[in-house]
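Numbering (my numbering), first residue to last: 7 to 93.
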């Protein structure tokens, strides 16, 4: 499972990412390159300020991800820091 972890030092970093050009195509070339380089991208633009880090895990049941998102993660906290599962 491939995941992008997004956080912002300022408020609403994850929401800024979601509204940015970076989020329009999570399978974009830059995202694939991040996994090869295991790098973090720091974004400071009109889209806002946030960092994107790529992680790769073994197989994870998508129902578990849904459980985390619905039952454990705090909606307000996820505006600042969140993760996005790539297909």
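From the three backbone atoms N, C-alpha and C, an ideal C-beta is built for every residue, glycine too.
Rounded to the nearest whole angstrom, the CA to CA distance from residue 27 to residue 78 is 28 Å.
Put simply, the backbone Cα of residue 74 is about 20 Å away from that of residue 18. One Cα belongs to residue 42, the other to residue 9, and the distance between them is close to 13 Å. Taking the Cα of residue 64 as reference, the smallest distance to any Cα among 82, 86, 91, 45 is reached at 91.
Of the candidates 62, 89, 54, 54 places its Cα closest to the Cα of residue 15. Beyond the five residues adjoining it in sequence on each side, residue 20 comes within less than 8 Å, by CB distance, of 12, 13, 14, 56, 84, 85, 86, 87, 88 in the same chain, given in chain order. Straight-line spacing of the CA atoms in residue 59 and residue 71 works out to 18 Å. DSSP places residue 58 in the uninterrupted beta strand (DSSP E) bounded by 54-62.
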